[in-house]
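A.B. asks: Take a look at the following structure, please.
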Amino acid sequence: MGRHTQLERPAALEDLPASPAGPITAPATVAGAASRDAPLSWAETARVVLPAFVLTRVAVLVAGIAGAALWGIHTDEVYDPAGLTTGLGALTDRLVAPFARWDAVWFLDIANHGYPTSYLPRTAFFPLYPGLLRAGSVVGSPLLAGLLISTVCAYGGAMLLHRMTELELGRRAARASVWVLLVFPGSLWLTAVYSEGLFLLISVGCLYAARERQWMVVAVLGALAATTRSAGIVLVVPILVIAWQQQTGRSGPSPRALGVAALAGVVLLSLAAQLPWVVLLVPALAAAAYVLQRGPRTADADALERPRLLDPDRLRALSGPAAAAAMVAVGLLTFLVGLRLAGHTWTVSFDQQQEWGRRNVGPIDGVVRSGRSAVDGLEQLFGPKVSPAIITPNAEWMNPLLLVFLVLGLAALVGVARRLPPAYAAYAGCALLLPLSAPVVSTGGEPLMSLPRFLGVLFPLAMWAGWWLTRGRWQRTRMVVLGVVGIGLLMLVTELTTRWVFVA
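Per this note's numbering, the sequence shown starts with residue -9, numbered consecutively.
Here's what the structure looks like:
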């Protein structure tokens, strides 16, 4: 790919010292970097990703088989009454068990029956992935199609992550970021019959295309992302931020942008506790659009006399990213219109989150509830049971663990904001706001339910973690320790999921 934009300067090159004659200019540095370390080809990228992918998936299979052999598989007819996750033979059923649990039943059910008005909770799951399952059922069954689709998409997503990280942070960080992505416990659902693998491929591809100014590709992928998961609409924010960077040539926010973002944050926090989560995006979109249309300041008198927004050259430059961002909203609207034509209400998909105990209370309330639930869980485990009884099975140990995941996710988000261009932190931050703003509010439940799965597709966090692992002292020690802990947790959640113990 070309290296014609400022965005394509790897952040790792910022650490290079200036030459005696003065600072190294961006074009010279990039050209020099390209001559020393040209980007890998797609075939080479595929080979680099292969070891991490194979090792982690083998670990998942081993954990699933061992768990089934030691404790058996207790199929719960409440969660899979139609037997959609079985029927491939005794041996094959055991092999696919880690990848065909919980939400997999919903996707397989939608692939078979669509969204009839007779059962509203189906509408909480977006249509692209189950549609692919239905189309891919020519291979024998929607279950086999789902396993194939998810595996291919997860591998492709890991390749795109490597390419993106290589451009931004260098090759060593790229290789490490792939390992972080796949060793993380949430990666189990990338290759399961879930929409996570598909969403990873589409979301990374969307921002990769935006970085390369391929706005038609961005529009298509953005629309598809919005029909894959509810978090797909968040891609509007990084698309506009990337376009703003390309227009202004800035590598970071201007003081004006920071002021607008601060104001938007105040409005966001004041509204979050009262309005649906979709409203959380309105201040961010308004701030991004405002900053984008301002453009770089100039001393040209003629340019100052005419409104920036009416400049024909600027309008042509903005038409691509604006149309691409609009297509993300069109994708979501298409799903909602389809539900309405099928006899549902406009908000049915979002209303169904209450089926799982989620309610819009705002991110601050969500974090507070998470902390309290973690303390209650620790008291249940190690102290007298003075707190309300734990209702959700295993919540006494899951809530403290989920809080640890949240802290790690927030720490990585800070790292993303400090090291990577603003678009990555904007995307990961807005996406993380969704589960925090709509936690599970039932007493004795899990406020951060499914957080490891949500974090598993936030690829900017893996990008920064990969960079961090290749910097400073004790690099090999950190890699080994985090790798062992990560694979251990990955195998643990696999074993629990195989036995129909809900983790995420």
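Glycine is no exception: its CB is placed at the ideal position from the N, C-alpha and C atoms.
Only a predicted model underlies this, so the values are computations on that prediction, with no experimental measurement involved.
If we require 4 or more residues per run, which alpha helix (DSSP H) segments fall completely within the region 400 to 469?
C.D. replies: If we require 4 residues or more, the alpha helix (DSSP H) runs fully inside the region 400 to 469 come out as 412 to 427, 441 to 445 and 449 to 459.
A.B. asks: Could you check which residue in VAL52, GLU34, TYR145 and GLY57 has the C-alpha nearest to that of LEU486?
C.D. replies: The shortest Cα separation from LEU486 among VAL52, GLU34, TYR145 and GLY57 belongs to GLY57.
A.B. asks: Pick from LEU110, SER31, PHE174 and LEU78: whose alpha carbon is nearest that of LEU329?
C.D. replies: Comparing Cα-Cα distances from LEU329 to each of LEU110, SER31, PHE174 and LEU78, the minimum goes to LEU110.
A.B. asks: Reducing DSSP to helix, strand and coil, say where ARG489 ends up.
C.D. replies: The answer is coil: DSSP assigns ARG489 none of H, G, I, E or B.
A.B. asks: Just list the residues that DSSP pairs ARG348 with in beta bridges.
C.D. replies: In DSSP, ARG348 forms a bridge with VAL430.
A.B. asks: On the CB-based measure, 16 or more other CB atoms within 10 Å of its CB, does ALA125 come out buried or exposed?
C.D. replies: By the 10 Å Cβ count, ALA125 comes out exposed.
A.B. asks: With distances taken Cα to Cα, identify the nearest neighbour of VAL194 among VAL474, GLY321 and LEU171.
C.D. replies: With distances taken between Cα atoms, VAL194 lies closest to LEU171.
A.B. asks: Quick one: give me the first and last residue of the alpha helix (DSSP H) that THR46 is part of.
C.D. replies: From DSSP, the alpha helix (DSSP H) with THR46 extends over 32 to 61.
A.B. asks: Can you tell me where the alpha helix (DSSP H) holding ILE223 begins and where it ends?
C.D. replies: First-last for ILE223: undefined, no H or E at that position.
A.B. asks: Is the separation between the beta-carbon of ALA114 and that of GLU345 shorter than 8 Å?
C.D. replies: Taking 8 Å as the Cβ cut-off, ALA114 and GLU345 qualify as a contacting pair.
A.B. asks: Roughly how many angstroms lie between the CA atoms of SER309 and LEU214, to the nearest whole one?
C.D. replies: Going from the Cα of SER309 to the Cα of LEU214 covers about 20 Å.
A.B. asks: Output the boundary residues of the alpha helix (DSSP H) element that contains HIS152.
C.D. replies: Per DSSP, HIS152 belongs to the alpha helix (DSSP H) from 132 to 159.
A.B. asks: As a quick exercise: from HIS152, TYR69 and VAL39, pick the residue whose alpha carbon is nearest that of PRO29.
C.D. replies: Ranking the options by Cα distance to PRO29, first place goes to HIS152.
A.B. asks: Where does TRP336 fall in DSSP's three states?
C.D. replies: Coil.
A.B. asks: Exposed or buried, which one is ARG84 when buried takes at least 16 other CB atoms within 10 Å?
C.D. replies: Buried, because 16 or more other Cβ atoms sit within 10 Å of the Cβ of ARG84.
A.B. asks: Would you check if the distance between the CB atom of LEU190 and the CB atom of PRO88 is smaller than 8 Å?
C.D. replies: No.
A.B. asks: Using a threshold of 8 Å, state whether the C-beta atoms of VAL231 and ALA428 are closer than that.
C.D. replies: Contact: no.
A.B. asks: Identify which residue in GLN237, TRP169 and PRO71 has its Cα closest to the Cα of LEU472.
C.D. replies: Minimum Cα distance to LEU472 is reached at TRP169.
A.B. asks: Given that a residue counts as buried once 16 or more other Cβ atoms are within 10 Å of its Cβ, and exposed if not, what is MET206?
C.D. replies: It counts as exposed.
A.B. asks: Where does PHE97 fall in DSSP's three states?
C.D. replies: DSSP places PHE97 in helix when its eight states are reduced to three.
A.B. asks: Going by DSSP, what residue range makes up the alpha helix (DSSP H) through PRO120?
C.D. replies: Looking at the DSSP string, the run of the alpha helix (DSSP H) that includes PRO120 is 118 to 126.
A.B. asks: Does DSSP classify ALA90 as helix, strand or coil?
C.D. replies: Looking at ALA90 - three-state DSSP - the assignment turns out to be coil, as it is neither helix nor strand.
A.B. asks: For PHE174, which three-state DSSP category applies?
C.D. replies: Residue state, collapsed to three classes: coil.
A.B. asks: Let's see if you can read the secondary structure: which residues bound the alpha helix (DSSP H) around TYR198?
C.D. replies: Run containing TYR198: 186 to 201, per the alpha helix (DSSP H) assignment.
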